[in-house]
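Engineer: Residue numbers (my numbering): 3 to 320.
The beta-carbon is built from N, C-alpha and C at its ideal position, and this holds for glycine as well.
Got a structure for you, written out below as structure tokens; questions coming shortly.
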């Protein structure tokens, strides 16, 4: 099959709240493939999920939804997951084969351009400017279903040398999530009013405020904000007080291997992130293919070599 005979699109979106990098997506009308690293792809097929295991007609109109069909990578090809026999498996096989053919040709072009230009920001109480990114979408019609009440920095704990020093000084008991909870707390204190606003970001980075009924809590500020009003790393890095500023910096440094997948970062900032990310060689080795630009190739290459040595050592120990 010629891929030109099938309409498809290739794009990327950010994994948010917490931020976990950038997802690559290849989509047709009836299927899509999603990858967090540009190597392993989850194949999803648009289908009607059976409501009755006995095959009886449902009194309610069935909704189409994307169902996981399998996974694909260049080394192993397509691997299927068990599927409900009541599904139209012949059609699903055909859809899967189509998107795999497209992947064979297009997956080497990652990273794809970011398409989630509609952004939901938590606002600073003081001046109602963007404080932290809560959600994003490619389609304005999805906005009513995207509701985030609080910003989440991570699923697990992150390291912070400055918080560790504070614990030693204060002789505080060990809390396995102390850094995570502290960071989320100071963000919450800075946004007690819970103001949120949707913005439509343009190519130049400016953002047009969208006064939508879908907003749970809207702010009074309207109009357009300049590009520099939006934090490049998705969280405002300017904080009053040495400890809050230091912990935010520690958090962004820890997140650097994922932040490098963001597009349109200034070279100076990207270079700093690369140096910070090199301390997490295994994460860099997983996601480097999605970096739209590399400033210090030697640093990234060295991190990848270190990751290879670590993985080899782990295999030997087994």
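(1) Can you tell me whether residue 163 is buried or exposed? The criterion is at least 16 other CB atoms within 10 Å of its CB, across all chains shown.
(2) Quick check on DSSP: helix, strand or coil for residue 306?
(3) For residue 12, report the span of its alpha helix (DSSP H) as first-last.
(4) What residue ranges within the region 176 to 256 form continuous beta strand (DSSP E) runs of no fewer than 3 residues, ordered along the chain?
(5) Taking the DSSP output, what are the residues bridged to residue 314?
(6) Does DSSP put residue 69 in a helix, a strand or coil?
(7) If you drop the 5 nearest sequence neighbours on each side, which residues of the same chain put their C-beta closer than 6 Å to that of residue 294?
(8) Can you find the residues in the same chain that come closer than 7 Å, C-beta to C-beta, to residue 220, ignoring five residues on each side of it along the sequence?
(9) For residue 225, I'd like the list of residues in its chain whose CB is within less than 7 Å of its CB, leaving aside the five on either flank, ordered along the chain.
(10) Would you mind stating whether residue 9 and residue 25 have Cβ atoms separated by less than 8 Å?
(11) Taking a contact to mean a Cβ-Cβ separation below 8 Å, would you say residue 231 touches residue 239 in this structure?
(12) Report buried or exposed for residue 302, applying the criterion of at least 16 other Cβ atoms within 10 angstroms of its Cβ.
(13) Would you please state the rounded distance, in angstroms, between the beta carbons of residue 246 and residue 188? I believe it to be under 8 Å.
(14) So, is residue 21 buried or exposed, given that buried needs 16 or more other C-beta atoms within 10 angstroms?
Structural biologist: Short version:
(1) exposed
(2) helix
(3) Unbroken run through residue 12 is the beta strand (DSSP E), 10 to 16; no alpha helix (DSSP H).
(4) 198 to 203, 209 to 212
(5) The partner list for residue 314 (beta bridge, DSSP) is empty, contrary to what the question assumes.
(6) strand
(7) 113, 265
(8) The pLDDT assigned to residue 220 is 46, lower than 50, so where the model puts this residue is not dependable; a value taken from the coordinates is nonetheless given after this. Around residue 220: 199, 213.
(9) 211
(10) no
(11) no
(12) buried
(13) 5 Å
(14) buried
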